[in-house]
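Participant:
There are 2 protein chains.
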Amino acid sequence: MSLNEKITIADIAAHAQVSKSTVSRVLNETTPVAADKREAVLAAMAALNYKPNVFAQSLASGQSLSIGVLTQNFGSPVYDVIMRGVLLGLEETPYSPLFADGRWQPETEQKAIETFLDRRVDGLILIGGYCPEEVLVETARRTPLIIVGREVPGLHNHCLNVDNEQGAYAITRYLIDLGHQDIAHITGILAHEDAAQRLQGYRQALLDVGIEPHPDLVIEGNFRRQSGMMATEMLLLRGRPFSAIFCANDQMAFGARLALYRRGIRVPDDVSLVGFDDQPDSAFMTPPLTTIRQPAEEMGRMAAMAVLQLIKGGSPDLPLFQTELVIRESVSRHH
Amino acid sequence: MSLNEKITIADIAAHAQVSKSTVSRVLNETTPVAADKREAVLAAMAALNYKPNVFAQSLASGQSLSIGVLTQNFGSPVYDVIMRGVLLGLEETPYSPLFADGRWQPETEQKAIETFLDRRVDGLILIGGYCPEEVLVETARRTPLIIVGREVPGLHNHCLNVDNEQGAYAITRYLIDLGHQDIAHITGILAHEDAAQRLQGYRQALLDVGIEPHPDLVIEGNFRRQSGMMATEMLLLRGRPFSAIFCANDQMAFGARLALYRRGIRVPDDVSLVGFDDQPDSAFMTPPLTTIRQPAEEMGRMAAMAVLQLIKGGSPDLPLFQTELVIRESVSRHH
DNA sequence: GCTATTTCTGAAACCGATTTCAGAAAATGT
DNA sequence: ACATTTTCTGAAATCGGTTTCAGAAATAGC
């Protein structure tokens, strides 16, 4: 567009016959400016194709107009959707997101947070993660902070969560209502609140109809496909019969699906299979996976709004998001 | 850590009994500094837990130490891996990536590029996209630019690609060698070079063994799961028999898989199915998908290195990346 | 031992904005 | 019509660094 990339506020001031201060004022609308000068400035900016230097702005104003967003894994189905939500939520605001990947390693996470702070982000959104709670509490003291998918004691009003227990309860109940009694559960990493809550929902659903959950039917996975596969094999090995498997996320359901396929066990004819998350490709499993949808994009959006509110000094209220049962074809009535 | 976040270079200077200039010099290693002063400065920085203000640095130096990375879709299996590669490639450098999502919309893309330029990124990595070629050429003139997954005329030495034709040729040939003669192909969006190249590889492989590609067996998809499903249904409707389907990417293969499942057509017993990309979940398709792997992470890494070289004034040479046939279980010998 | 280099160093200008402050101009009150 | 308030405006300081420039100190040359 222009070869000379060096148009500064001084050029505009000169061109419009006003002072730099005035230019700054029409730029930021901090103080009213007489209509004619205002027009002149606007015209000059348009004529010279002026773009303010973000660094000068940030240095002078102390604001960076950026929000740090820390995910745990680029390519994780659910987190990616949350990130997209954040992106969307920030779209019409002056703020831009800065993304980083914590790779589920506390050290990496903390380094990323430090980097964000060094870059003077105005706010921080953390999605999941293992970062120690003290660090989070400390960080929240220094910076507007929203945490998605974790529940940190003492930071309740900073945490945005989905009702995991309710979701797990609902899908377990759905299986029960279709006649299943022996329902296996492959959990996530139980150190994560969400995994623990899903396990709790599963147990409660069983208990509520008078079924005592059997320890042989519960096995801990790590949320990854591979672990779903191995857990299923382990389950089969243990020998305690079951007619359905509830995986704590869809990725593990994919793993379970493969293990069953390898053994020639049909889904849903021989074993019913359900997951949690409703990640984008779950509708394309063979058979399409019945699962629990979490409003991930909506949560990302909300996280963005919330962090902006925190920046403005408000204190957003963060609802517990509700899940939805998505019925597809991986479950059949128990016979 | 510290309540007083305002430690500046002046504080360090005072504490170490030197001038600001000297502090700056030990910080940037631009000019040698006497050992004793150097130590004093380092000690002061450590004692006061000094963090340079990135904005001041960028403003003064004219460098932002950031690289803009434009993907087309957070959550796209292949692009996400490329992004991770970029992240890794930048890891040990002073540069940080800024990510944006073009959503496959030229306007969004261009806006994102403008935003990057406003933020004075030192370099730009574009992954895929529809942005008009003139814009790209212009952008490359202004800023170090690397484009992954597109071949833009006039910007050959800025484009990082995989040998799509070779990959498509190899996997088609693999099918042929197993006795398949009637091989359907669901293409990507043919306006994309990569889709066109994959189609070309498919055709060439057939022609090389004396098979004339039949137009009824080629159908254009759009790289998405849904389109793989619809294309397969269309293929079935057309009535021309085939024993294998080659999808231009794995996502469409998932769609095709579902369409076949719905019709009760077995994979690979009745129809063999192959894809392209080897996205992370392809190993967990039922049956696991035979496909072509592209070294996506490696490409992201290389893109990062290359853009850094461009920034330094070098001109990196960008190899055409080679693909690899990944044999799994979705193909059987034709009988 | 004295000049010619080389190596370090600090003062001051600069990067491109924002913001304070005080004064000028305009609007208001009576 | 004159004092008082309210609105606008520009000069100058500031944000926190980097970089130029010229001089001081140290080293080398002969």
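Quick note, the sequences are listed as chains A and B, same order. Once you know that position 313 of the first sequence is 313 in the working numbering, the rest is easy, because the numbers rise by one and skip nothing. Once you know that position 217 of the second sequence is 1217 in the working numbering, the rest is easy, because the numbers rise by one and skip nothing. We put the beta carbon where it would ideally sit given N, CA and C, even for glycine. What you are looking at is a predicted structure, and each value in this text was computed from that prediction instead of being measured.
Grouping DSSP H, G and I as helix and E and B as strand, with all else coil, what is P1295/B?
Facilitator: DSSP places P1295/B in coil when its eight states are reduced to three.
Participant: Tell me the rounded alpha-carbon separation between W104/A and V152/A.
Facilitator: Between W104/A and V152/A, the alpha-carbon positions lie close to 17 Å from each other.
Participant: Pop quiz: R240/A and D216/A are said to be a contact at Cβ under 8 Å. What is the actual Cβ separation, rounded to whole angstroms?
Facilitator: 4 Å
Participant: Report the residues of the stretch 244–261 of chain A with a CB closer than 7 Å to any CB of chain B, ordered along the chain.
Facilitator: F254, G255, R257, L258 and Y261
Participant: Under 8 Å by Cβ, that's how I've got L175/A and A244/A pegged, so tell me the actual separation to the nearest angstrom.
Facilitator: Going by Cβ atoms, the distance from L175/A to A244/A rounds to 5 Å, so yes, they are a contact pair.
Participant: If the cut-off is 9 Å on Cβ atoms, which residues from the stretch 45–58 of chain A count as contacting chain B, listed in chain order?
Facilitator: K51, P52, N53, V54, F55, A56, Q57 and S58
Participant: Just to confirm, are G1275/B and L1258/B a CB contact at a threshold of 7 Å?
Facilitator: no
Participant: Can you find the residues in the same chain that come closer than 7 Å, C-beta to C-beta, to T31/A, ignoring five residues on each side of it along the sequence?
Facilitator: R25
Participant: With DSSP run on the structure shown, which of helix, strand or coil describes F284/A?
Facilitator: helix
Participant: Given a cut-off of 7 Å, decide if L124/A and T410/A are closer than it, judged by their beta-carbon atoms.
Facilitator: No information on residue 410/A is available, as it lies outside the stretch 1 to 335 that chain A covers here.
Participant: Any beta carbon of chain B sitting closer than 7 Å to that of T286/A?
Facilitator: yes
Participant: What's the call for L237/A, buried or exposed, on a 16-neighbour Cβ count within 10 Å?
Facilitator: exposed
Participant: Tell me which residue opens and which closes the beta strand (DSSP E) that L1206/B is part of.
Facilitator: Per DSSP, L1206/B belongs to no beta strand (DSSP E); it is in the alpha helix (DSSP H), E1193 to D1208.
Participant: Mind checking who T31/A pairs with in its DSSP beta bridge?
Facilitator: In the DSSP output, where bridge partners are listed per residue, T31/A has none listed.
Participant: Output, in chain order, the set of chain A residues within a Cβ distance shorter than 7 Å of F1099/B.
Facilitator: Within chain A, the C-beta atoms nearer than 7 Å to that of F1099/B come from F99, in chain order.
Participant: Is the stretch 87–95 of chain A touching the stretch 50–57 of chain A in the sense that three or more CB pairs, one from each, lie closer than 8 Å?
Facilitator: no
Participant: Return the first residue and the last residue of the beta strand (DSSP E) that H1185/B is part of.
Facilitator: Segment I1183 to T1187, the beta strand (DSSP E) holding H1185/B.
Participant: Out of V33/A, E39/A, L65/A and K20/A, state which residue places its alpha-carbon closest to the alpha-carbon of A304/A.
Facilitator: L65/A
Participant: Can you pull the DSSP bridge partners for G68/A?
Facilitator: L98/A and L124/A
Participant: Might you give, ordered along the chain, the residues of its own chain that have their beta carbon closer than 8 Å to the beta carbon of L1098/B, omitting 5 neighbours on each side?
Facilitator: S1066, I1067, G1068, V1069, F1116, R1119 and V1121
Participant: Bridge partners for F1246/B per DSSP, in chain order?
Facilitator: H1185/B and V1274/B
Participant: Against chain B, with Cβ distances strictly below 7 Å, would F74/A count as a contact?
Facilitator: With 7 Å as the cut-off, F74/A counts as an interface residue toward chain B.
Participant: Report yes or no: is there a C-beta of chain B within less than 7 Å of the C-beta of A234/A?
Facilitator: With the sequence shown as reference, residue 234/A is identified as Met, and Ala is not the correct amino acid for it. Interface residue (Cβ-Cβ distance to chain B less than 7 Å): M234/A is not classified as such.
Participant: Does any CB atom of chain B fall closer than 7 Å to the CB of R266/A?
Facilitator: no
Participant: Could you check whether the Cβ of R333/A sits closer than 7 Å to any Cβ belonging to chain B?
Facilitator: no
Participant: Rounded C-beta distance between F1246/B and T1172/B? I'm assuming under 8 Å.
Facilitator: 6 Å
Participant: In the DSSP assignment, what are the bridge partners of T290/A?
Facilitator: V274/A
Participant: Please classify N1028/B as buried or exposed, where buried requires at least 16 neighbouring CB atoms within 10 angstroms.
Facilitator: N1028/B is exposed by the Cβ-count criterion.
Participant: Could you check whether E1109/B and C1131/B sit closer than 7 Å to each other, using their CB atoms as the reference points?
Facilitator: yes
Participant: Determine the DSSP secondary structure at Q321/A, reduced to helix, strand or coil.
Facilitator: Here residue 321/A turns out to be Phe, not Gln, going by the sequence shown. DSSP places F321/A in strand when its eight states are reduced to three.
Participant: Classify S332/A as buried or exposed, calling it buried when 16 or more other Cβ atoms lie within 10 Å of its own Cβ.
Facilitator: buried
Participant: List the whole-angstrom C-beta distance separating F1242/B from D1182/B, where the pair is believed to meet the contact cut-off of C-beta under 8 Å.
Facilitator: 4 Å
Participant: Mind checking the stretch 113–140 of chain A against chain B and listing, in chain order, the residues whose C-beta falls within less than 9 Å of any C-beta there?
Facilitator: Per Cβ criterion, the list reads E114, T115, L117, D118, R119, R120 and E138.
Participant: Only counting the same chain, and skipping five residues up and downstream in sequence, which positions put a Cβ closer than 8 Å to that of T1071/B?
Facilitator: Y1079, D1080, I1082, M1083, F1099, A1100, D1101, G1102, I1127 and G1128
Participant: What in chain A is Cβ-close to P1077/B, meaning under 8 Å?
Facilitator: Those within 8 Å of P1077/B in chain A are G75.
Participant: Can the beta-carbon of P328/A be found closer than 7 Å to that of A248/A?
Facilitator: First, the residue type needs correcting, since residue 328/A is Arg and not Pro in the sequence shown. In this structure, A248/A does not lie closer than 7 Å to R328/A by Cβ.
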